[in-house]
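Visitor: Residue numbers (this note's numbering): 4 to 166.
Quick reminder that beta carbons are idealized off the backbone N, C-alpha and C, glycines included.
Below: one structure in structure tokens.
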């Protein structure tokens, strides 16, 4: 993890577009931690990823905790919002990875699952001025050779969005 990539996302549509680009780069075993306050666009980003992979039925897993989508690769969409940290191991993220899933974890951080060896940490931020304009700052770091390589590719594709 040697570089932080930062982008400005100007609208919910642009967040969906970012998800579409990310979808072209995901691979089995990749975990994307989505970190940000309520309403920043975590689920919108996941929706963009899933839509680009051919799945239209994305819904927030706040109450189900995990939604599985039959995409290629298969996708597990996890929400940790209502869980205590001691409950995280009940989610079985490692089983999803072992079964060839790409995993998106809302309210996640890399230190929550230290055994994951290929991940992106996507931080979605806004301030009071930005929220009025629907703009978000998206900052992404990666860990693991393949994850870092794919993130560099993402940056080449969306470099015009850089802060």
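Using only the alpha-carbon positions, how far apart do residue 21 and residue 53 sit?
Guide: 12 Å
Visitor: Straight-line CA distance for residue 1 to residue 87?
Guide: Any question about residue 1 goes unanswered here, given that the chain covers just 4 to 166.
Visitor: Within the continuous beta strand (DSSP E) that includes residue 139, where are the two ends?
Guide: 139-146
Visitor: Rounded to a whole number of angstroms, what is the C-alpha to C-alpha distance between residue 28 and residue 95?
Guide: 23 Å
Visitor: Is DSSP giving residue 11 helix, strand or coil here?
Guide: strand
Visitor: Could you tell me if residue 130 is buried or exposed, where buried requires 16 or more neighbouring beta carbons within 10 angstroms of its beta carbon?
Guide: Its Cβ having fewer than 16 others within 10 Å, residue 130 is exposed.
Visitor: Beta-carbon separation of residue 117 and residue 124 under 8 Å?
Guide: Contact flag unset, no.
Visitor: If you draw a straight line from the alpha carbon of residue 2 to that of residue 122, how long is it in whole angstroms?
Guide: The structure shown has nothing for residue 2, since the chain only spans 4 to 166.
Visitor: Can you list, in chain order, the residues of its chain whose CB lies under 6 Å from that of residue 108, leaving out five sequence neighbours each side?
Guide: 36 and 81
Visitor: Hey, which unbroken runs of the alpha helix (DSSP H) at 4 residues or more fall wholly within the segment 11-59?
Guide: 15-26 and 45-55
Visitor: With distance defined between alpha-carbon atoms, name the residue in 161, 120 and 162 nearest to residue 151.
Guide: 120
Visitor: Measuring CA to CA, which of 115, 77, 33 and 164 is closest to residue 89?
Guide: Residue 115 is the option with its Cα nearest to residue 89.
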